[in-house]
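Chemist: Under my numbering, residues 5 to 1140 are what the sequence shown spells out, in order.
Ideal Cβ placement from N, Cα and C applies to all residues, glycine included.
From a predicted model like this one, the values you see are computed outputs, not experimental measurements.
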Amino acid sequence: MSLVLHDLLTCCRRLENERATERRNEIENFKRLLRDPETVLQLDRNSDSRRGNQLNWDAVFSLLKKSFQKEMENLRLTKPNASASTQTSKQKRMQEIGSLVKYFIRRANRRGPRLECQELLNYVLHIIKDPASCAAYGSDCSSILLKDILSVRKYWCEISQQQWPDLLILYGKFYLTPSGKMNRVLVARIIHTLMRGYCFQTDQLRSDVFSFFSTAMQYVRQERNTAGLDHIIAAMNIFFNTFAVNCRKRICKIGEEILPTVLYIWTQYRPKDSLKESIIELFLLQVHIHHPKGATSQEKGAHNSAKWQSILHNLFDLLVNEINVIGSRGKYSSGSRSVAIKENLIELMADICHQVFTEDTKVLEITQSYTVTQSGGDTVPSKRRRIELGWEVIRDNLQRSQKDFHVVPWLQITARLLSKYPMSFPNCELPQLLNILHQLLPHQRRGERTPYVLKCLTEIALCQNQKTDLKSTHKLELQRTWSKIWSLTIRSISFQQIETEIFGLLGAMIQGNLVVTDKELWKIFSGPACKPSSSAVCCLALAMPAYSVPENLDVGMEQTNRERNLDSVLKEAIMKWALSCNLEEEMEECSELPPVLCSDFPHLTLQKVLVSLTMKNSRATMTFFQNDAKCVQHLQGKEENSFLDVEELYLQTTFDEMDIFTNFAVNVVDKNVTGSRFVINQSLRETLECCLLAMSEKLLSSYAPKSKLVAAEHLVRCVSLLIGVLGCYCYTGVFTEEDACKSELFQKAKSLIHYIGESISNSSKKLNEDAQISLLRTLIMQCTKCLCNCTKNSANKMVSDLFLRLLTSKFINDLLDVCKNLMTFTGKPSELGEVDLVGNDPEESIMEADNQVSDDLFDDHSVTDISDTNESGEMQNVTGAVSPLAEEQLTKQDLLHLEILRFLCICATTVQIQTMSFRASDIRRKLLMLTDGSIFDSAKPLHLHVYLLLLKELPVEENLLTVDEVLKLLTPLSNVCSLYRRDQDVCKVILNNLLPIAVSLAQSGTRTEEKRNAQEQFLTVVGAFWTLAQGKRCTAPVRVALLNCMKALLEADPYSKWAILNVKNEDLPVSEVFPHFLADSHHQVSILAAKSITSLFQDVKQRDSSGLSTPLPLKLQQKAFENVYLRVQEGMGNSW
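1) State the Cα-Cα distance for the pair D649 and L68, rounded to the nearest angstrom.
2) Start and end of the beta strand (DSSP E) containing D1103?
3) Using only CA atoms, which one of A1040, Q1121, S1004 lies nearest to L1092?
4) Name the DSSP beta bridge partners of I391, please?
5) Pairing CB atoms from the region 156-166 with CB atoms from the region 101-112, are three or more of them under 8 Å?
6) Look up L964 in the DSSP assignment and say whether it is helix, strand or coil.
7) Which of helix, strand or coil does DSSP assign to I497?
8) Does any heavy atom of the ligand GDP sit closer than 6 Å to the C-beta of I760?
9) Give every residue of the same chain whose Cβ lies closer than 7 Å to the Cβ of Y1129, excluding the five residues on either side of it in the sequence, and list them in chain order.
10) Helix, strand or coil, according to DSSP, for V343 in the structure here?
11) Since S51 and D62 should fall inside the 8 Å C-beta cutoff, what is the C-beta to C-beta distance between them, to a whole number of angstroms?
12) Assess contact between the region 1050-1062 and the region 219-226, defined as three or more Cβ pairs (one per stretch) separated by less than 8 Å. Is contact present?
13) Less than 8 Å between the CB atoms is what I'm expecting for C981 and I994, so what's the real figure, rounded?
14) Residues in the same chain with beta-carbon distance under 7 Å from L149, minus the five sequence neighbours each way, listed in chain order, please.
15) Looking only at DSSP bridge pairs, what is M619 linked to?
16) In whole angstroms, what separates the C-alpha of R17 from that of R97?
17) Taking 8 Å as the cut-off, does the region 354-363 touch the region 414-421 (at least 3 CB pairs, one atom from each stretch)?
18) Quick test of the definition: if touching needs 3 or more C-beta pairs under 8 Å, does the region 732-752 touch the region 785-795?
19) Report the partner residues of N1066 according to the DSSP bridge assignment.
20) Taking the alpha carbon of Y258 as the reference point, which residue from L415, L279, V291, R228 has its own alpha carbon closest?
21) Please report the straight-line C-alpha distance between A238 and V189, rounded to a whole angstrom.
22) Report the option in K346, V397, R388, I350 whose CA atom is closest to the CA atom of K366.
23) Do N113 and R94 come within 7 Å of each other at the CB atom, strictly closer than that value?
24) Should M1136 go down as buried or exposed, given a rule of 16 or more other Cβ atoms within 10 Å for buried?
25) Given L13, which residues of its chain have a CB within under 7 Å of its CB, disregarding the five upstream and five downstream residues?
26) Quick check on T25: buried or exposed, where buried means 16 or more other Cβ atoms within 10 Å of its Cβ?
27) Looking only at its chain, what residues have a beta carbon closer than 7 Å to the beta carbon of R200, apart from the 5 residues adjacent to it on each side?
28) Near L946, which residues of its chain fall below 7 Å by C-beta distance, leaving aside the five closest residues on each side in sequence?
29) Let me check understanding here. Comparing Cα to Cα, which of Q302, E303, D234, Q313 lies closest to R274?
30) With distances taken from CA atoms, which of Q751, I927, G305, L286 is nearest K824?
31) If I follow the unbroken beta strand (DSSP E) through P1115, where does it start and stop?
32) From this set, P532, L509, K535, S584, which residue's C-alpha is nearest A547's C-alpha?
33) Hey, could you find the ends of the alpha helix (DSSP H) K824 is sitting in?
34) Tell me, to the nearest whole angstrom, how far the beta carbon of C722 is from that of L601; I am working on the premise that it is less than 8 Å.
35) Quick one: residues in its chain with C-beta nearer than 6 Å to the C-beta of F629, no 5 flanking neighbours on either side, listed in chain order?
36) Beta carbon of V1025, beta carbon of L977: below 7 Å?
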């Protein structure tokens, strides 16, 4: 033992000194030793080497625990008649040692978790389960649990499935029986955090967790103490969100039990905003669980009861009052308080209105579902009151006051209600509501209501467009009102503050053909009334397929353009307006860049407009573009509602929605329609090219690396515009891709790309500067928008091919170099003032042999767990350890790295018909080098993100990886899975990202040995996850991902030639394993298995001339049917 460790050991033994002064000196000496770098280094080495005969962090912790337990025992043995000073002295001694333990834990884990999770948990449980020690030290000990255990991801994953609910129930008792010694808010925060762990790391459903929520709400109501209640309701929301899919009825029942109490708390206790937010989320969840996708009856999938209807009516009454109270506060507020109310409250009100607005009930007498408790404990009888229901409530509130604070919330509700449930809006209400909004519209020059009025009108226009059963009298009345609204809207076009809403409304009226348009519409897009903007161009894109562009506007255009045809005058004017191009003036005279280069427009919308304007039949061309095949990549970006999947599952269960047996047949004819029938107006095409060339030339002449007017992002937008126009021409069949590459526009785009490449090269040398990082990331994101790896013939695809032709090998290599540098980028020195004194190899002994059987892959002895050097309790979120997949784990450099990686993956996987300046195989090779063991460390969040992205993006069915590339990509897979085997979030994503590679495993070729090796690596991981699932060590989301993975294997190998798992030395074809999911205890897993069952009977990749999948041989079908029958019988015993 080294001298420093000998001193530490001696100090530990002296901590039990009876003399207070000497004991304090030893405590200070102990802290000093823990701050000594040499001591820390020795302890780290001994802990990492796992040598039992050396003093390490766990051994020191054990000595400290003994000292603490001794003080606990002394306190427990204190006689009841002992003097107060004696008791205080003993409590103080115990608190001194307890504080030292807390200090030690944080020093030990400062460079990553060194102490054993179970030892820490046992220490905490030992204290809080003992009444005496809990009273003296329970609060501090709970703080250790929250900040030093639950905030560390390694510990989060090592807490067993049984410990999560046990801890939850234990702290639930502390919340329900407060002693004054334990901070109530701290307890609530711990419950919130434990609930996240319980829901995300386990699949257990304990009835006592259900009962806790009911008891907790009753306790709050009786004790009138809302301390920590926001955390309790947040925990409830997590619980309901997670388990709603598997036990809908129970959650509906518990909701009906507690919501009256929640209503009472809202009305009586004036909760703070954070608590209101949690309550609104709770109400929204319950409404969606009771009424999936707005279902209003049990026949349609709703879960209704008389009690629930009463709650809905009371909730509606409460929300009406709440919204009006918010509005009334506006007249007393000063400053810049927004007149709008939060979206979640609007969402809830819209959902409630949809349920309670029935045509047969206008006024309802309700009994408040909550009673007011008097101070003596007696309850006042429930109050009965009459409330109004129906659209009259909205109409009355829209007309009740002229104050924006009163009107705007109801405008928000109206817009959301119409947007979400357009078909529920009564036809008879259309004229009345439209008239009210029309009356509100002229007040646009004062107040803040106008954008909300315009949004409402837009939703009404879209709603009316969906209604096919309007009476003729209604149609005439509506047409008159819409004509007035059109005129008002056109005259307001110059107001920039409401430009987006104005063009949105104009577009909706055009889509619905609600008015007869006049030439005033075209004046907007050809004159100085407004500048070209994203909303204006979108409106123009809707107008062009709806109406033919008139010949001219009778405003003198023909006199100044006599040499041109009259029908091209207006088109030319619109073109120049869109590009802010005036060829008669010197470009240098204009110091401002055109709007099209200063902001992002919807992808290819402007380009399609410009190309359509150069055609003889612009309307037909724009219609052709509207029917263009949509690219999946460019449809992404909107945040999906995760609960929508649960709602759809409810409706499938009630057989209201059945998509299981759809899409059996597909159209096998490739409808790659070309636009060769289009005729171009050469004069207009020349004008367009002239404008674009002038714009490009101005950019090139004005650009400099440090220019304040022109930045690299402007160059990318210009490139996107140029090749977008060329790509649209190619898509219409006017000229070929080869012709496009010889054009002047393409050559200008190449010049622009050259300067963009220089900007990237310069920025890559300044990766420490935030400004350069942001600039580079913006550039790459804009470049990615120009790419598309879809195979369907589309304008997107044409543009992508042209953009790839622009890229040089230097451009690509510079980006690859940035990726390589960022993999090992360290950035600024640690702000903690300490560095990791010794390397920690988290991958040590993960895999001892490549041919290890699958059920050993994730055994506990096979891996040294994650040791994230950034895991410090003080730095983590108080509601649980941050997932390695969370964006907050990544730096700005990391986010840039992933953006570049995504761009390069698309470049490497796009099917290339023509030779580019670079080779896709070279890009893939260099990207796969990022997973080399010399630089790849899967314990680092960035490296995990990199690997998951490569898994997901590199293998594509249309451009299969070679066997060598597949092998290279799969090499780190077992290690990554072993390292994160207990992290359910990561396991789910790993399995989901494995889906694309299954196709590459089935490719034909001569190198059968290498291919079989790749297949075995893949199947080893799938088999290991299957073993975990059978042992109930995987949560339902992980099992869903595993199911999808096996489904992909079935589709890749329908005849079970190689898709065979080796589980405990037994070969199990995936086709035999897959039916087990039908008997899964989780409803979502079994339903998904049932929907995927056709893969056992058909080769879904092979289709006959009619588009039907090819059936498998009868023998295989018979065997599959027997397996399915057995598992369905087994699954029938499950109760959800």
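Modeler: Taking the coordinates as given:
1) 50 Å
2) 1102-1107
3) Nearest option by C-alpha distance: A1040.
4) L368
5) Look at the beta carbons and you see the region 156-166 not touching the region 101-112: under three pairs across the two are nearer than 8 Å.
6) DSSP places L964 in coil when its eight states are reduced to three.
7) It is coil, neither helix nor strand.
8) Summarising the ligand content, the structure contains no ligands, and the ligand GDP is consequently not present.
9) none
10) Coil at V343, not helix or strand.
11) 7 Å
12) no
13) 6 Å
14) V128, I194
15) I684
16) 15 Å
17) With a cut-off of 8 Å, the region 354-363 and the region 414-421 count as touching, because enough Cβ pairs lie within range.
18) no
19) The beta-bridge partner set that DSSP reports for N1066 consists of D1071.
20) Correcting the residue identity first, residue 258 is Ile in this sequence and not Tyr. Here the closest residue by C-alpha is V291.
21) 13 Å
22) Considering only alpha carbons, the answer is V397.
23) Residue identity check: residue 94 is Lys in the sequence provided, not Arg. At least 7 Å separates the beta-carbon of K94 from that of N113.
24) exposed
25) L59
26) Exposed.
27) Excluding the 5 residues flanking it on each side, R200 has same chain C-beta neighbours closer than 7 Å at I242, T883, G884, in chain order.
28) Its chain contains L894, D898, H901 as the residues whose beta carbon lies nearer than 7 Å to that of L946, once the 5 sequence neighbours on both sides are disregarded; these appear in chain order.
29) D234
30) I927
31) Counting along the chain, the beta strand (DSSP E) containing P1115 begins and ends at 1113-1115.
32) Per the C-alpha coordinates, the member of P532, L509, K535, S584 positioned closest to A547 is L509.
33) 813-827
34) 6 Å
35) K612
36) yes
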